[in-house]
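Quick note on the working numbering: the sequence shown kicks off at 3 and runs consecutively. These notes are about the structure you will find just below.
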Amino acid sequence: MMQGASSSNLPYSDPEVSAVLARLMADKTLIELIGAWTHPTMMALLPPLVRALVRRGLRKRLAAVDSIAGFQGVVRDYVERLVVSTLDELTISGLDDLDPSQGYLFLSNHRDIACDSMFLNLLRHRAQLKTVFIAVGDNLIQQPFATDLMRLNKSFFINRTGNNPRSVYKDLVMSSAFIQARIEAGDSVWLAQSEGRAKNAIDETDASVLKMLQLSDRKRPLSEKIRALNIVPLCLSYEFDPLDVEKARELKAIDATGSYQKSPGEDLKNMALGLSGYKGRVHLNVGQPLDGDYEDLSAVAAAVDRQILAGTQLFPINHWAVSALKPDFSHPAHEPVADAHKIAQFEQRLNRCAVADRPVWLSIYANPALRVFNRSSP
């Protein structure tokens with residue numbers, strides 16, 4: 003562990019795995035969640051029996067697991083099945099252009115709580131590359147079992163919301179040092195470009211994230227620090243968002259009242275919905291390491307944003323949403339959807355949304371296209 007680091011914020015190490023797995027298998031909440039997912043009818047009728055079946059299955063599956071790599075191997079099998087059941091296609095571009103012997107900080111747009119980093123890890127594993135360490139906001143520290151599972155999956159928590167400013171600052175310095183240490187050791191890290199998901203699908207790098215990266219090495223010249231971190235912009239493009247209705251409702255509430263109050267456990271619920279929901283096609287575009295000379299953090303943010311925007315992949319629903327919002331819109335790259343079957347499919351998704359929220363829902367799908375069109379305008 004790093005000097006001064008808070009062990010409760012860091013990923014678990016191999017010697018801790020067996021004890022954590024034993025604790026998880028004794029966690030009634032986790033066992034019941036798995037039972038409700040795998041045996042919903044039986045769970046309602048005979049919960050003790052289902053709990054026993056789930057525990058027996060977990061013990062059998064995890065009996066030989068005593069390392070982080072072993073745990074991630076088990077997770078990978080489930081992820082592969084999840085991809086088959088919720089995606090039509092998962093692709094990546096640009097990964098082959100990176101030096102596999104180096105560590106990188108993947109500074110990523112953020113669409114889904116769990117899937118963004120999960121898809122990167124799966125595709126890296128398929129390419130026989132090491133999985134990444136994952137930076138997670140402390141808003142997800144809600145259930146002990148969820149925290150344990152994330153830390154077993156090489157996640158570390160960035161504390162942004164504590165009541166003690168000095169403690170928050172100390173934790174942010176720790177996170178900054180941890181990220182730099184991992185890169186120097188040849189490991190890679192996934193970090194969202196801003197706090198929280200871009201629910202409106204407008205991807206912009208938050209300077210506060212970049213400032214956090216500097217905290218452990220503040221005297222180092224900015225451009226030198228950026229090169230040392232080996233920052234690679236990463237863009238994820240989802241054809242369909244399983245949480246489009248929920249995001250539209252939240253954005254509409256914020257627009258109407260100025261705020262949105264999350265219900266208890268809402269983030270974990272959304273994580274589960276994002277994992278299990280249909281996503282159609284998903285593409286990851288890996289950019290090039292930042293190696294320029296930057297005057298300030300805003301220049302770094304702009305460089306990241308340019309690569310993420312350039313890596314955006316558009317789907318028919320993005321073009322359809324633009325036409326629905328702006329019937330007279332015209333651009334050389336705009337491809338209005340004429341296929342009646344596709345239009346019916348898109349309208350069916352839209353109709354799941356409350357009427358008042360539908361313009362916001364459409365904007366979620368239209369924004370990536372409008373930003374791409376604006377970038378390519380003469």
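For every residue, glycine included, the Cβ atom is placed at its ideal position computed from N, Cα and C.
key: N146 in three-state terms, based on DSSP   = A small fix is needed here, since residue 146 is Pro in this sequence, not Asn. Correct three-state label for P146: helix.
message = Looking at the secondary structure, which residues open and close the alpha helix (DSSP H) in which C117 lies?
response = 117-128
request  = Check whether the Cβ atoms of P13 and F158 lie closer than 7 angstroms to each other.
outcome  = yes
ask   = Would I181 pass as a contact of V170 if the rule is Cβ separation under 7 angstroms?
value = no
Opposing strand residues paired with G139 [DSSP bridges] = I160
inquiry  = Quick check on the DSSP output: what are the complete alpha helix (DSSP H) runs of length 4 or more inside the region 18-100, in order along the chain?
reply    = 19-27, 30-40, 42-47, 49-64, 70-88
query = How many Å lie between L311 and N155 at the Cα?
reply = About 29 angstroms.
ask   = Grouping DSSP H, G and I as helix and E and B as strand, with all else coil, what is S15?
value = coil
message = Assuming L174 is part of the alpha helix (DSSP H), what are its boundary residues?
response = 167-186
ask   = How many angstroms separate the CA atom of N123 from the CA atom of T259?
value = 38 angstroms
ask   = According to DSSP, what are the bridge partners of F108?
value = W192, V234
ask   = Any idea what DSSP makes of H285, helix, strand or coil?
value = strand
task = In angstroms with no decimal places, state the Cα-to-Cα distance between G294 and P49.
result = 59 angstroms
inquiry  = Buried or exposed, going by whether 16 or more other CB atoms sit within 10 Å of the CB of L352?
reply    = buried
key: Residue span of the alpha helix (DSSP H) that contains P318, given as start and end   = For P318, the uninterrupted alpha helix (DSSP H) segment begins and ends at 318-327.
inquiry  = Would L109 and V306 be called neighbours here (beta carbons separated by less than 7 angstroms)?
reply    = In this structure, V306 lies closer than 7 angstroms to L109 by Cβ.
request  = Could you tell me whether the region 283-293 touches the region 94-114, where touching means 3 or more Cβ pairs closer than 8 angstroms?
outcome  = yes
query = Anyone know if the C-beta pair for G276 and L245 falls short of 7 angstroms?
reply = Between G276 and L245, the C-beta gap is smaller than 7 angstroms, which places the two residues in contact.
inquiry  = Between L316, S210, V324, Y240, which has its C-alpha nearest L92's C-alpha?
reply    = Y240
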